[in-house]
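Asks:
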């Protein structure tokens with residue numbers, strides 16, 4: 004797998020509001036996957052979660068994650084391996100609003116439940132289909 | 004997460020040629036994700052790989068996997084946690100042909116590279132959106 008920095012065409016693909024699946028590890032090291040919104044934020048990938056999610060606890064315990072992003076034609080996909088480099092309480096819901104607007108054009112509807120942001124640093128990536136690289 | 008057996012509406016969703024992402028563990032326990040074809044085969048999930056893929060080695064070393072399947076409207080998705088219960092060399096390419104026909108309507112085009120099948124036993128599953136359960 005090539006290491007970062009990610010080339011421009013991959014950056015363009017990751018910049019779209021594409022479906023994505025993230026894998027985290029539970030406390031016994033079992034992989035867990037779930038569909039997720041994400042946002043390419045500089046060279047890192049921002050994800051945002053309800054603070055009560057078990058996944059937050061898992062990611063705080065072990066920050067190693069993987070993410071696969073599917074393009075419109077899902078034979079094109081990009082996978083990254085990375086780790087959580089930064090956590091921040093999303094107190095004003097500014098991060099989830101950025102992400103929600105990116106995907107839906109609207110602010111995030113739930114204004115009451117506390118949320119948290121995690122920035123994933125990309126350690127390695129690999130592309131298939133039109134996103135094939137390296 | 005509910006345990007198996009999976010209910011009929013989830014079975015119906017998993018029976019479609021939907022996009023999916025599988026997470027496996029590398030030798031250091033880091034999760035790795037990749038888009039994959041799959042086939043619901045009885046109560047298990049069949050995946051099939053080029054025998055030379057690093058992923059095969061990873062899954063033979065540690066059979067714990069996770070899989071997220073996205074529906075047409077990808078706000079509907081199902082995630083399963085499971086483990087590889089059976090391996091079989093796909094000598095006549097019968098398994099990849101079943102899977103390829105399911106997704107494309109055609110036999111798998113590459114008739115030369117050896118492939119292997121893995122059947123994943125579902126330990127737990129969870130649905131969101133129209134597939135929300137439990």
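Residue numbers (this note's numbering), protein chains in the order written: chain A, 4 to 137; chain B, 4 to 137. From the three backbone atoms N, C-alpha and C, an ideal C-beta is built for every residue, glycine too.
1) Answer yes or no: do residue 125 (chain B) and residue 83 (chain B) have a C-beta to C-beta separation smaller than 7 Å?
2) Closest Cβ-Cβ distance between residue 105 (chain B) and chain A: below 7 Å?
3) What does DSSP give as the partner residue(s) for residue 61 (chain B) in the beta ladder?
4) For residue 76 (chain B), tell me which candidate among A:15, A:21, A:31 and A:97 has the shortest Cα-Cα distance.
5) Give the DSSP bridge partners of residue 73 (chain A), in chain order.
6) Report the option in B:26, B:37 and B:90 whose CA atom is closest to the CA atom of residue 33 (chain A).
7) Out of B:62, B:8 and B:132, which has the shortest C-alpha to C-alpha gap to residue 30 (chain B)?
8) Inspect the beta-carbon positions of residue 132 (chain A) and residue 79 (chain A) and report whether they are closer than 7 Å.
9) Do we get a CB-CB distance below 7 Å when we pair residue 61 (chain A) with the residues of chain B?
10) Would you kindly report the start and end of the unbroken beta strand (DSSP E) that includes residue 43 (chain A)?
11) Along the chain, where does the beta strand (DSSP E) containing residue 118 (chain B) start, and where does it finish?
12) Going straight from the alpha carbon of residue 43 (chain B) to that of residue 94 (chain A), what length do you get?
13) In angstroms, rounded to a whole number, what distance separates the CA positions of residue 104 (chain B) and residue 114 (chain A)?
14) Is the Cβ-Cβ distance between residue 46 (chain B) and residue 116 (chain B) less than 7 Å?
15) Could you name the residues that DSSP lists as bridge partners for residue 49 (chain A)?
16) Check residue 96 (chain B) in the structure and name its three-state DSSP category.
17) Which residues share a DSSP beta bridge with residue 86 (chain B)?
18) Strictly under 7 Å for the Cβ-Cβ distance: is residue 90 (chain A) near chain B by that measure?
19) Can you list, in chain order, the residues of the segment 63 to 85 of chain A whose Cβ is nearer than 7 Å to any Cβ on chain B?
20) What did DSSP end up calling residue 9 (chain B) once you bin it into helix, strand or coil?
21) Between residue 9 (chain B) and chain A, is there a C-beta pair that is closer than 7 Å?
22) List, in chain order, every chain E residue whose beta-carbon is nearer than 7 Å to that of residue 37 (chain B).
23) Helix, strand or coil, according to DSSP, for residue 115 (chain B) in the structure here?
24) Residues in the same chain with beta-carbon distance under 7 Å from residue 106 (chain A), minus the five sequence neighbours each way, listed in chain order, please.
Replies: Answer, in terms of the structure:
1) yes
2) no
3) Per DSSP, none; premise fails for residue 61 (chain B).
4) A:21
5) A:80
6) B:26
7) B:62
8) yes
9) no
10) 42 to 44
11) 118 to 131
12) 42 Å
13) 46 Å
14) no
15) A:42 and A:122
16) coil
17) B:67 and B:124
18) no
19) 67, 68, 69, 70, 71, 73, 77, 80, 82 and 84
20) coil
21) no
22) Among the protein chains of the structure shown, namely A and B, there is no chain E.
23) coil
24) 20 and 40
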